[in-house]
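In what follows, a single structure is set out as structure tokens and then discussed.
There are 2 protein chains.
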Amino acid sequence: MPYDIAQHFRQDLPAPAAARFGGFPRYNFVGGHNDASGVPVDAFVEAASKALTREGRTLATYGMESGPQGYRPLRTFVADMLGRRAGMSATADDVLVVSGSLQALDLVNAVLVGPGDTVVIEEATYGGAMTRLSRIGADWVGVPVDKDGMRTDALAETLDRLKSEGKRVKYIYTIPTIQNPTGTVMSLDRRKALLEVAETFDLPVFEDDCYADLTWADSRPPAIHALAEPGRVIYCGSFSKSIAPALRVGFIVADWPTLSQMMPLKTDGGTGALEQMVLAEFCSSKFDDHVVSMRSILKAKHDAIVEAVSQEFGTTAEIAPSEGGIFIWVTLPEEVDTSRLAAVAGAEGVAINPGAEWSADAASGRRRMRLCFANPSVEDLREGVAKLAEICHREFGVPTRGGNVIRS
Amino acid sequence: MPYDIAQHFRQDLPAPAAARFGGFPRYNFVGGHNDASGVPVDAFVEAASKALTREGRTLATYGMESGPQGYRPLRTFVADMLGRRAGMSATADDVLVVSGSLQALDLVNAVLVGPGDTVVIEEATYGGAMTRLSRIGADWVGVPVDKDGMRTDALAETLDRLKSEGKRVKYIYTIPTIQNPTGTVMSLDRRKALLEVAETFDLPVFEDDCYADLTWADSRPPAIHALAEPGRVIYCGSFSKSIAPALRVGFIVADWPTLSQMMPLKTDGGTGALEQMVLAEFCSSKFDDHVVSMRSILKAKHDAIVEAVSQEFGTTAEIAPSEGGIFIWVTLPEEVDTSRLAAVAGAEGVAINPGAEWSADAASGRRRMRLCFANPSVEDLREGVAKLAEICHREFGVPTRGGNVIRS
Chain A
1 MPYDIAQHFR QDLPAPAAAR FGGFPRYNFV GGHNDASGVP VDAFVEAASK
51 ALTREGRTLA TYGMESGPQG YRPLRTFVAD MLGRRAGMSA TADDVLVVSG
101 SLQALDLVNA VLVGPGDTVV IEEATYGGAM TRLSRIGADW VGVPVDKDGM
151 RTDALAETLD RLKSEGKRVK YIYTIPTIQN PTGTVMSLDR RKALLEVAET
201 FDLPVFEDDC YADLTWADSR PPAIHALAEP GRVIYCGSFS KSIAPALRVG
251 FIVADWPTLS QMMPLKTDGG TGALEQMVLA EFCSSKFDDH VVSMRSILKA
301 KHDAIVEAVS QEFGTTAEIA PSEGGIFIWV TLPEEVDTSR LAAVAGAEGV
351 AINPGAEWSA DAASGRRRMR LCFANPSVED LREGVAKLAE ICHREFGVPT
401 RGGNVIRS
Chain B
1001 MPYDIAQHFR QDLPAPAAAR FGGFPRYNFV GGHNDASGVP VDAFVEAASK
1051 ALTREGRTLA TYGMESGPQG YRPLRTFVAD MLGRRAGMSA TADDVLVVSG
1101 SLQALDLVNA VLVGPGDTVV IEEATYGGAM TRLSRIGADW VGVPVDKDGM
1151 RTDALAETLD RLKSEGKRVK YIYTIPTIQN PTGTVMSLDR RKALLEVAET
1201 FDLPVFEDDC YADLTWADSR PPAIHALAEP GRVIYCGSFS KSIAPALRVG
1251 FIVADWPTLS QMMPLKTDGG TGALEQMVLA EFCSSKFDDH VVSMRSILKA
1301 KHDAIVEAVS QEFGTTAEIA PSEGGIFIWV TLPEEVDTSR LAAVAGAEGV
1351 AINPGAEWSA DAASGRRRMR LCFANPSVED LREGVAKLAE ICHREFGVPT
1401 RGGNVIRS
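Quick mapping for you: the protein sequence lines, in order, are chains A and B.
Under the working numbering, the final residue of the first sequence carries the number 408; numbering is consecutive throughout.
Under the working numbering, the final residue of the second sequence carries the number 1408; numbering is consecutive throughout.
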């Protein structure tokens, strides 16, 4: 008889994992996976060899010779890169290397958010941001997003309302550059307007820029961090989307009062040294070129999935073409419930993110879905979308026509 | 004027980091650092090259092809290695790769411990285990350790008392194989007795075996996990001590009810893939030989620091020579307060762990200290200990004689 340890578990735990990993779905439109041919394997081998040969012995010490903020050459690269690409004026001292941008979310919440607090987020946003708040016992309120990003007029109204209701708002969470899931890029004017609202309501901003390197356009607006006074904006970015998600390396840029408060809460003894070394070595000479090539791979897949959805779902699907990144956000007719669609399609090997899980107000996401396109081949994108349309037709009667076939 | 974000911080945060990292102390007797010459740099270069060339493209997916429990070849190695070395019968399915054994501690606590709960620990134990419980608002109670490990008679008495006091005990925490900081190895009989007590009191055991590969002896007793029914013992180990601490890779071995409940709480999107790949590749052919060579490096340093302390502190220092690992535990006369010694010596470039931080009852650790010996050179071990004795004499009047010099 196995011992019943569950009697000692905390009473407030999330649902356990349902099953062991059994491989990826046949048509995988979920998760921040990337294109396998985009992984710079040879350059990684070279970077690993160079970095290890030069300073592998420093692996004998926690944090190598760089301390708990992370490997200094990587922090220096991040600061320079953000200066060049996002107009920021950070130095290596303002960077905390973290174990993926997910840890950045955890650290921001650990420092700022307690039970009963409220965070203002974009109406459609990263699902994991909400599950994290939920775990803490915090609330969130969504603000609409249009093609220029979070609507700052609605943001001000929302904050006014929350103030009158006596809510304790802790920060404004935004994914301004390739918003997840809507794929928009916040305009420069909006960024400035957002900061004005934050000032009016005396609130910090958490800028999650983890897709920012993947805009189709060659340049992107300056980071909100670049436009603000010190201390106002906590910025995070990642190498997961621009290079490879299995490397768990992201970064927070913030001033010392914030970083110093996060450091004792980063209880993992540092982020993986080998990954930091290899990234620093690789990025110092190859980051910009790599990003250009990654973008062109992703743009081709983006266009392929947009075409496939248009063809298979016809006019029943409203697609907001993304301005970069790895996903599209699709709105279907009223009669479709994407949570049910996800369950049925999932059982048939087609995985999608139902809109309810990616929406501040689950009901408003009911007929929406996020499709990630970076990992499947173009052929699988087409096949998977065709299969999804077929299942959607069977379950909800739409689309009635797709792939040049009238469905009945 | 920088924005005052601190007004929004949670009110219950630990003290912030006091200062940016300014390099390691001149004589560094703290932290789980290891010997730099022990890092198998060339073998790592080879392992990185082989693993990346073979399957670097899988870095494009979270968890590679192995899912959230971690890279399967590494889990297979861990299960085999623990079978061979620790008598365990785990398979890859029972292993969760974690981002260092520190994350194992966090996950065990996240699943089991809430505010007001109690954990039973060894009287002298890893300081970080207590700071973690403290952060959760949980209590701990220490059980004495002798040369055979945790005293199980005292364990039973303690649990009886806690029961009569109505305390909610969640688990028994032990570091049986090279106990931190006392350096003892729990005998087989004690392991069995500990399990009997755990059964009597219907409690799970958390076995932290992160130093277990570094016993001076060629073999070690079976893990407590190996002696228990399924589900009773959560086991954790690490590559930090046996290979290199900057690689943040450890492992938990537990049954599915426990692992499945931990997985949604491991919110980091997986442990670094490159580190897992390189470790799996390296360990599959070189782990055992590496450990033998690491041990002999460490044994020489252990003997050097024991000799230095004996020489410099004379009979005023009572040293428990360790049966392996990277630290010794030293007891000084009543008049010495090692917290003050640590502060004064720290300011003069000699870092030590004061016993109060490594003791369940801070007062009982007042005259004790932990000295980590793996990282400094033998010459620095000698110089640093001499300097420490000199400072100790100046502050507390002991030792009166050391290094063949009468101090006055």
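Idealized CB from N, CA, C, for every residue including glycine.
Since this is a predicted model, take the numbers as computed values, not measurements.
- Of the candidates A/R295, A/P245, A/G272, the residue whose Cα lies closest to the Cα of B/M1064 is A/P245.
- Within the stretch 47-80 of chain A, the residues whose Cβ lies closer than 8 angstroms to any Cβ of chain B are, in chain order, A48, S49, L52, T53, G56, R57, T58, L59, A60, T61, Y62, G63, M64, E65, S66, G67, P68, Q69.
- In its chain, beyond the 5 residues on either side, T338, G365, R368, M369 have a beta carbon closer than 6 angstroms to the beta carbon of A/G355.
- A residue is called buried when at least 16 other Cβ atoms come within 10 angstroms of its Cβ; A/A198 meets this threshold and is buried.
- By the Cβ neighbour-count rule, B/I1224 is buried, with 16 or more other Cβ atoms within 10 Å of its own.
- B/H1393 and B/E1335 have their C-alpha atoms spaced approximately 11 angstroms apart.
- Sixteen is the threshold: since fewer than 16 other Cβ atoms of the shown chains lie within 10 Å of the Cβ of A/K147, the residue is exposed.
- Between A/S310 and A/A317, the CB-CB gap stays under 9 angstroms.
- Counting other Cβ atoms within 10 Å of its Cβ, B/E1281 reaches 16 or more and is therefore classed as buried.
- Rounded to the nearest whole angstrom, the CA to CA distance from A/R10 to A/G32 is 30 angstroms.
- Interface with chain A (9 angstroms Cβ-Cβ cutoff): B/S1099 is included.
- Residue-level contact by beta carbon fails for B/S1296 and chain A, as no gap is shorter than 9 angstroms.
- Per DSSP, B/D1208 is one residue of the beta strand (DSSP E) stretching across 1205-1208.
- Taken in chain order, the complete alpha helix (DSSP H) segments of 4 or more residues contained in the stretch 195-254 of chain A are 224-227.
- In this structure, B/F1239 lies away from B/L1214, with their beta-carbon atoms at least 9 angstroms apart.
- Cα atoms of B/W1216 and B/G1325: separation of roughly 8 angstroms, rounded to the nearest angstrom.
- Within the stretch 1010-1030 of chain B, the residues whose Cβ lies closer than 9 angstroms to any Cβ of chain A are, in chain order, R1010, Q1011, D1012, L1013, P1014, A1015, P1016, A1017, A1018, A1019, R1020, F1021, G1022, G1023, F1024, N1028.
- Contacts with chain A at 9 angstroms (Cβ-Cβ) do not include B/H1393.
- If the five residues before and after A/S322 are omitted, its C-beta is found closer than 7 angstroms to the C-beta atoms of I178, G183, H302, I328, all from its own chain and listed in chain order.
- In the DSSP assignment, A/M150 is bridged to A/V145.
- When secondary structure is reduced to three states using DSSP, A/K170 falls in the strand class.
- Sequence-ordered contacts of the stretch 163-187 of chain A with chain B read K170, Y171 [C-beta pairs closer than 8 angstroms].
- Distance between B/M1088 and B/V1097, taken at the CA atoms: about 17 angstroms.
- DSSP, reduced to helix, strand and coil, places B/I1175 outside both helices and strands of the structure shown, so it counts as coil.
- With a contact defined as Cβ atoms closer than 8 angstroms, A/E122 and A/V143 qualify at about 6 angstroms.
- Note on geometry: alpha-carbon atoms of B/S1359 and B/P1014 lie some 19 angstroms from one another.
- Excluding its 5 nearest sequence neighbours in each direction, A/M81 has no C-beta neighbour in its own chain below 6 angstroms.
- Within the DSSP secondary-structure output, A/D289 pairs in no beta bridge.
- Interface criterion met: the Cβ of B/W1256 is under 9 angstroms from a Cβ in chain A.
- Per DSSP, the unbroken beta strand (DSSP E) holding B/R1370 starts and ends at 1368-1372.
- Listed by position along chain A, the residues whose Cβ is nearer than 9 angstroms to that of B/T1271 are S99, R248, G272.
- With a cutoff of 9 angstroms on beta-carbon distance, B/F1021 and A/Q276 are scored as not near each other.
- Contact with chain A is found for B/F1044, since one of that chain's Cβ atoms lies less than 9 angstroms from the residue's Cβ.
- Counting the other Cβ atoms within 10 Å of the Cβ of A/M150 gives 16 or more, which makes it buried.
- At a C-beta separation below 7 angstroms, B/S1260 has these neighbours in chain A: P16, A17.
- Proximity of chain B to A/A124 at the Cβ level (cut-off 8 angstroms) is not reached, the minimal Cβ distance being about 21 angstroms.
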